[in-house]
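Student: Next up is a structure, given as structure tokens.
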Amino acid sequence: MDFLQLAGKPVLVFGVANRKSVAYHTGRVLQEAGADVLYAVRSEKRRESVQKLVGDAPVYVCDVEHQDQIDRLGDDVARDRDRLAGIVHSIAFADYSAGWLPFHETPRKAFLQAVDISCFSLTAIANRFREQLDPEQGSVVTISISTTRMAAENYGYMAPVKAALDSSICFLAKSFSEFSRVRFNAVCPGLLKTSASAGIPGYVDCYLFAEQATLRKQAVQTEEVANAAAFLLSPRASGINAQRLVIDAGMEVNYFDRHLTTALAEHGTR
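Residues are numbered in this note's numbering as their position in the sequence shown, beginning at 1, plus a constant of 823.
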């Protein structure tokens, strides 16, 4: 039974870096559902490595910092597929080369580049592909984070950037509603084991804490995020639009878990 109703339907996935990527897992779930998955990656070098992971699936090169490359990608995809059923936007970048800095010292250039790549790229991609997305059942899904209001010092300026991304899905959904029924939603996971997260200072400690803060005492798995993204891409989620779907295993309701508070109290009395 084709529960997701995605069999044979083309879906363009942005952002695969390696086997740990949310984009890679999402593409795999979509392929298992019978979807016709296409991939877009940042560079030719990345294309070569990703092609080995995805077999015969088309892999295009598109650095979303450059509008001409987004435009060229639109032309290339239009040449190969008449219509897209969906787009997965799993793109984020932050330049931490200056080292850890308190938020008020955030470098302007780094912040604006992060906004461009991690947030505005969704709008640029949606605009370029607006004629190619299925106007009745098309769906665009971006990957955000579970909360942008938890001021984790090591995550720094990326939380405000993701907040802008979360807001963008509402405005894109409204804008596209003038001429289509294309939906825009965000999957918002808790802390994950990805290559990108490994570059965040102190991430391992935060990950271990987040795992203990979940109701099940097990961290969110990338496959769980991919499953949610595939659902939102499907016609089965037709009534869901302009929403954030949080995948955090109950973490946001469990910060006062007695095991955590007791351990902290015991540590403080030593």
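Every residue, glycine too, gets a C-beta built ideally from N, C-alpha and C.
Just so we're clear, the structure is a prediction, and the values are computed from it rather than from any experiment.
For my contact list, Val911 and Val884 are in at a C-beta cut-off of 8 angstroms; report their separation, rounded to the angstrom.
Tutor: Not a contact, Cβ separation roughly 17 angstroms.
Student: Over what stretch of residues does the alpha helix (DSSP H) that includes Gly897 continue unbroken?
Tutor: Looking at the DSSP string, the run of the alpha helix (DSSP H) that includes Gly897 is 890 to 903.
Student: Tell me the DSSP secondary structure of Pro827 in three-state form.
Tutor: It should be noted that the sequence gives Leu, not Pro, for residue 827. Of the three classes helix, strand and coil, the one that applies to Leu827 here is coil, per DSSP.
Student: Put Thr1017 into one of helix, strand or coil per three-state DSSP.
Tutor: Reduced to three states, the DSSP call for Thr1017 is coil.
Student: If I'm right that Ser913 touches Phe837 with Cβ under 8 angstroms, what's the distance once you round it to whole angstroms?
Tutor: About 6 angstroms separates the two Cβ atoms, so the contact holds.
Student: Considering only residues of the same chain and omitting the five flanking positions on each side of Gly831, which have a CB-CB separation below 8 angstroms?
Tutor: Answer for Gly831: Gly857, Ala858, Asp859, listed in chain order.
Student: Within 10 angstroms of its Cβ, does Leu1031 collect 16 or more other Cβ (buried), or is it exposed?
Tutor: Its Cβ having fewer than 16 others within 10 Å, Leu1031 is exposed.
Student: Only counting the same chain, and skipping five residues up and downstream in sequence, which positions put a Cβ closer than 6 angstroms to that of Asn977?
Tutor: Once the five neighbours on either side are set aside, the close Cβ partners of Asn977 are Ile1023, Pro1024, Gly1025.
Student: Would DSSP call Thr849 helix, strand or coil?
Tutor: Three-state result, Thr849: helix.
Student: Answer with buried or exposed for Gly979, where buried requires no fewer than 16 other C-beta atoms within 10 angstroms of its C-beta.
Tutor: Flag for Gly979 reads buried.
Student: Output yes or no for whether 8 angstroms exceeds the beta carbon distance between Val877 and Ala1049.
Tutor: No, they are not a contact pair.
Student: Under 6 angstroms Cβ to Cβ from Leu907, same chain only, skipping five residues before and after it: list those, please.
Tutor: Here the set comprises Pro833, Leu835, Gln955, Leu956.
Student: Do you know how far the Cα of Phe999 is from the Cα of Asp894?
Tutor: Using only the alpha carbons, I get a separation of about 19 angstroms.
Student: What does the alpha-carbon distance come out to for the pair Val900 and Phe952?
Tutor: About 9 angstroms.
Student: Where do the ends of the beta strand (DSSP E) carrying Leu1031 lie?
Tutor: Counting along the chain, Leu1031 falls outside any beta strand (DSSP E), though it belongs to the alpha helix (DSSP H) covering 1026 to 1036.
Student: Locate the alpha helix (DSSP H) running through Gly1091, then write down its first and last residues.
Tutor: Its alpha helix (DSSP H) spans residues 1081 to 1091.
Student: Ignoring anything shorter than 4 residues or poking outside the stretch 920 to 965, list the alpha helix (DSSP H) runs there in chain order.
Tutor: Entirely contained in the stretch 920 to 965, the alpha helix (DSSP H) runs reaching 4 residues are, in chain order, 931 to 938, 944 to 951.
Student: Report the option in Phe943, Gln1044, Arg869 whose CA atom is closest to the CA atom of His889.
Tutor: The candidate whose alpha carbon is nearest that of His889 is Phe943.
Student: Compute the Euclidean distance between the alpha carbons of Asp939 and His1090, then round it to the nearest angstrom.
Tutor: The straight-line gap from Cα to Cα measures roughly 42 angstroms.
Student: Which partner residues does Pro1012 have in the DSSP bridge list?
Tutor: DSSP output for Pro1012 lists Ile1070 as bridge partner(s).
Student: Check whether the Cβ atoms of Ser920 and Arg1067 sit closer than 8 angstroms, and answer yes or no.
Tutor: No, Cβ-Cβ distance for Ser920 and Arg1067 is not below 8 angstroms.
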